[in-house]
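Below is one structure, written out as structure tokens; comments come after it.
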Amino acid sequence: MENHCKGSTLLCVAIILGASQLSATPQTVAHSSISAPASIAGLITASDAVVTGTATGTLTGGTASATISVEKVLKGSPTSGSVLHATWPVSPGLTTPAGSSSTVHGLFYLRQTNTAGEWTALPVMLGSGWFNIVEPIPTTVPSSIVTATAASLPANPSVFDSVAVELVTVVESGNGSLYPDLVTTALEMPSPVFDAAFRRFVGGGVPALVCTGAAGLLAEGDAAIPGTVLKNYAAWSSMVNWPRVILEMATAYVSADSQALATLGSLATGEKIPTDLRVAAGTALAAIHAPASLQALASLLDDPNVDLEAAAVGGLSMFANNVPVRGHGPAAGPWKYRSNDTIEHSAFDEGLIRNRGPYYLQFWKNWWTQNQADFQQ
Amino acid sequence: MKLHRLGGIAAGVLILQLLGVPSAHCQCADATTTLHGYSTAIRLNGNAVRLMGATYLTGDYYNWWYGEANISFYFNSVYESTTGWLMSNALGTEFDSWYTPTLQTYGPGIYLLSTGHDAYTPYCAMSLSQYCNQYGCTLMPPWNTGASISVQRPGAPNYAPGVGHTVFYLGAGVTSDGQYSDNTALLAGNPNGAPETPQWVFVAGSNFGNLSCTNCQEPVFTATKIGTGCLSYDVVLKTSYNGFLSDPFWQWTNGPYRNIPTGTSSTNYDPDDPNHTPTNGYYTLVGYQTQGLCSFDAPLNQYDVNEQFGSDAPQYPGENWPVAYQSGQGGALYVSTSNWADKIGISTGAPGTPEYCGSVLCVPQFSNPGVGQQTLVDYIPQSWFVGGTTSGIGAKVQSDNLQRYTNLGAHGSVVSPAQ
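Quick note, the sequences are listed as chains A and B, same order.
First residue of the first sequence: 0, per numbering that gives the first Met the number 0; consecutive thereafter.
First residue of the second sequence: 0, per numbering that gives the first Met the number 0; consecutive thereafter.
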């Protein structure tokens, strides 16, 4: 909800009255709102039709409406070239004046209101402006992108695949900002279209896309991507989307590939590697806590960086307590390495290491000394 | 006493025919007089087994005799105790002798009893010893019986299948939000032969939550505060069966903990305007995801985020920009994926529109991103919460200053995690 007023309610009223007396003086509006993209998979599931086209919308009081000239039908019964009429509710706090009108080209998710051909448009952005039912798509797209995305479609594409093509097109043509978030969307609706796009982005060298591609492949668990990051981090780490690479490596990457794990170990323990990448790799290594990685994790117990120490303690304790990969609790049943002591010294938390470092670090150093023979390569 | 065949002896009845009873003194037995012996091992209750050896006689002269038994208790093949020879205090009755070891004392394993059987009659002043003596051998082997029972510790409790989950502490008074909840159903593990309804016991961490019931199979655990740290198992629960404790269930409590920046974007148009119509001001999106206690976890998904503002702190002399919310207020939104953004903007209209703040020109004048000198105009303390749609409700995950510059917005002095 937007609000112009500053200070008390009385002052607010005065400002509004003053504004009305200065009828020819447009008033400055301070915007502060929270917005969030809707779940694409949720939209597809909730809709009866998904189409691309051009919509002209009008705001009338608490409701907005639009006529949509359909171009492509990705889901449902509408036909290409048809004109649909859709309505949708708008936020009661919206300050946009009634009668506002806009025309936009994009992707629409529609639910059938009745059998008379009326549709309800579903919001793609939550907490935003009145015309929030469209994912804008550029009207002209470079042919190279069209060709590439078309080539990545499987033989019998699902609705998810078809929508993925449109979203990739938006981002690849440089028309996305923070959203659509291809990585998050790919996690909730995996598609070969996303996978192909991520590989194109990594190989394409476009700074705005490279890290998105790497982040996407990390989220997918691609076995080769840690090695690619190792080779390219010097160039990539200055790119705007580099934090997303760090985030996905730390929070999503899972692989059982021995080379991938070895590369993560090299990244985590490399003295010349940037700290953010070392921590992300160490965190991933710990979350996976494969036996072959314990040596690298144990070596981080003496690292001066507390985040790496936390990863070391976390990885060793997850292994010793038989916590599933990226899980949180010890698996049921007996486990050779679990004891009351390993449970009591379990932590994956830099705050705990900062506060009680010797308690955790010394225990796991001793544990490693006692058990390392089991993990000799 | 020498024990025979301790391993693998099954409980049962051993019939010992009395043979060669000397008749020099009197008639105390004949060919029908039979000495019986048996051993049993049963689960008495959740926390005890009864290991019993019994001796009795049948046939002629049976009520002239006192049964005798000497029982020995072994745990996991290790000798623990023996009674020595004990005798019945009534003629002709079965003589029972037993051990009742407490399971919580000894633990899981094999509880074994070996019993030697004998009888004595005062009328003939003789014992029917299994041993050979001056009268010859009174009993033929085997002379002992035995029985054992294997006891397993009750299985650990766990989250109830299909419905149980790691709990999220979402702040005072918030029970659930989106797919996160401060409570979960637990289920007692396999009792492994214990017959009682389990009693739930906090071995540690009773200050981190409470249980809906303590003498039940499936209580609901409700968190009362966030865990000490990621994978720090603050809560340890066991089930007790009359005092025999189960394996432990180690639990920790997660919670919304920190915001992860996902990038910023400043434009001269409202990003919510699909046509990107240029204005005379700016719009900055500050993107975030929110994470729980564990740095290795994927960001939270499907939850409510809200903000709460403090008082505007002008930094530019004479600054008169309007603010969107008064102190104590703020917006809120349901996040249906993991992404959300704070939109900071100021504009009057189309490019070139005079910038009035109230009845006077805005001080200072604002501009598009990338245009003009970046000057801090004011900042407003801002706190972020996850767990509710009311400003200030939920778990606090970040505090910052919403900074408004002449040509863009920003979050400064960010503290996350906030607690």
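We put the CB at the ideal spot given by N, CA and C, even for glycine.
Partner residues on chain A for residue i, Cβ-Cβ distance less than 8 Å
i	result
B/Thr352	Pro25
B/Gln250	Gly328
B/Tyr355	Leu21, Thr24, Pro25, Gln26 and Thr27
B/Ala155	Ala331
B/Gly330	Met0, Ser31, Ser32, Ile33 and Gly126
Within chain B, the residues that residue i reaches when beta carbons sit closer than 8 Å
i	result
A/Thr250	Gln290, Ser294, Phe295, Asp296, Ala297 and Pro298
Selection from the options that minimises the alpha carbon distance to residue i
i	options	result
B/Tyr378	B/Ile343, B/Ser149, B/Ser211 and B/Ala193	B/Ile343
A/Gly173	A/Leu208, A/Ala85, A/Thr146 and A/Ser292	A/Leu208
B/Ser210	B/Glu195, B/Gly161 and B/Ala187	What sits at residue 210 of chain B in the sequence shown is Leu, not Ser. Ranking the options by Cα distance to B/Leu210, first place goes to B/Ala187.
A/Val164	A/Arg277, A/Pro333, A/Val49 and A/Tyr252	A/Val49
B/Gly327	B/Ile392, B/Thr144 and B/Phe365	B/Ile392
B/Thr227	B/Cys212, B/Gln250, B/Lys237 and B/Gly145	B/Gln250
B/Asn367	B/Val48, B/Val359 and B/Glu354	B/Glu354
B/Ser38	B/Phe94, B/Ala28, B/Ala184 and B/Thr352	B/Phe94
B/Ala159	B/Ala146, B/Val334, B/Asn182 and B/Trp320	B/Asn182
B/Leu407	B/Ala394, B/Pro416 and B/Leu375	B/Leu375
A/Val205	A/Leu229, A/Thr227, A/Leu216 and A/Trp235	A/Trp235
A/Leu276	A/Ala40, A/Ile144 and A/Val228	A/Val228
A/Thr119	A/Thr62, A/Val140 and A/Asn155	A/Thr62
A/Ser79	A/Ser101, A/Asn155 and A/Thr51	A/Thr51
B/Phe201	B/Val235, B/Gly172 and B/Gln178	B/Val235
A/Val123	A/Ser161, A/Asp160, A/Ile144 and A/Tyr178	A/Tyr178
A/Met317	A/Leu307, A/Ile342 and A/Asp306	A/Ile342
B/Gly411	B/Pro321, B/Phe295, B/Thr263 and B/Gly369	B/Thr263
Whether residue i touches residue j by CB criterion (8 Å)
i	j	result
A/Lys71	A/Ser46	no
B/Ala409	B/Thr278	no
B/Pro197	B/Tyr168	no
A/Leu121	A/Leu42	yes
B/Ala297	A/Thr274	no
A/Glu187	B/Thr336	yes
B/Cys229	A/Phe347	yes
B/Tyr98	B/Leu50	yes
A/Ala259	A/Asn240	no
A/Gly128	A/Ile33	no
B/Tyr122	B/Cys27	yes
A/Ala291	A/Tyr252	no
B/Ile60	B/Thr32	Residue identity differs from the one stated: residue 60 of chain B is Tyr in this sequence, not Ile. It is a contact, given that the beta carbons lie within the stated cut-off.
A/Ala311	A/Ala289	no
Exposed unless 16 or more other CB atoms sit within 10 angstroms - verdict on residue i
i	result
B/Ser265	buried
A/Ser303	Sequence check: residue 303 of chain A is Pro here, not Ser. Under this definition A/Pro303 is an exposed residue.
B/Ala349	exposed
A/Val169	buried
A/Glu270	exposed
B/Val472	This structure cannot settle anything about residue 472 of chain B, because the visible part of chain B is limited to 0 through 418.
B/Cys293	buried
A/Ala267	buried
B/Tyr78	exposed
B/Cys136	For B/Cys136, the predicted structure reports a pLDDT of 42, less than 50, and the residue's modelled location is therefore unreliable. A value from the coordinates is still provided. It counts as exposed.
B/Thr101	exposed
A/Val244	buried
B/Cys361	buried
B/Met139	Because B/Met139 carries a pLDDT of 49, less than 50, the predicted location of this residue cannot be relied on, and no value is offered for it.
B/Gln373	exposed
B/Ile41	exposed
Within chain A, partners of residue i - CB distance below 9 Å
i	result
B/Ile259	Pro242, Leu246 and Thr250
B/Thr227	Ala346, Asp348, Gly350 and Leu351
Neighbour list for residue i in chain B, Cβ cutoff strictly below 7 Å
i	result
A/Leu424	The question about residue 424 of chain A has no answer here: the residues shown for chain A are numbered 0 through 376.
A/Gly60	Within chain B, no residue comes near A/Gly60; the closest Cβ sits about 19 Å away, beyond 7 Å.
A/Ala291	Under the 7 Å cutoff, chain B gives no residues; its nearest Cβ is about 18 Å from A/Ala291.
Near the ligand ATP: residue i beta-carbon under 7 Å from a heavy atom
i	result
B/Arg257	Within the structure as shown, the ligand ATP is missing, as the structure has no ligands at all.
Contact list for residue i against chain A, beta-carbon separation under 7 Å
i	result
B/Tyr333	Leu125
B/Val304	Ile33
B/Asp176	None at all; the shortest Cβ gap to chain A is about 14 Å.
is_contact[residue i, chain C] using C-beta, thresh 8 Å
i	result
A/Glu187	In the structure shown, chain C cannot be found, because the protein chains are A and B.
Check your understanding: Do the region 97-115 of chain A and the region 190-201 of chain A make contact, defined as three or more Cβ pairs closer than 8 Å?
Key -> no
Check your understanding: Are at least three pairs of beta-carbons, each pair with one atom in the region 387-402 of chain B and one in the region 235-253 of chain B, less than 8 Å apart?
Key -> Output reads no: the region 235-253 of chain B does not touch the region 387-402 of chain B.
Exercise for review: Count the C-beta pairs between the region 345-364 of chain B and the region 25-33 of chain A that are closer than 8 Å, then say yes if the count reaches three, no if not.
Suggested key: yes
Review point. Between the region 112-123 of chain B and the region 64-82 of chain B, do at least 3 Cβ pairs fall closer than 8 Å?
Key: yes
Practice item. Mind the definition here: the region 292-307 of chain A touches the region 324-332 of chain A only if three or more C-beta pairs lie below 8 Å; say whether that holds. Key: Contact fails: fewer than three Cβ-Cβ distances are below 8 Å.
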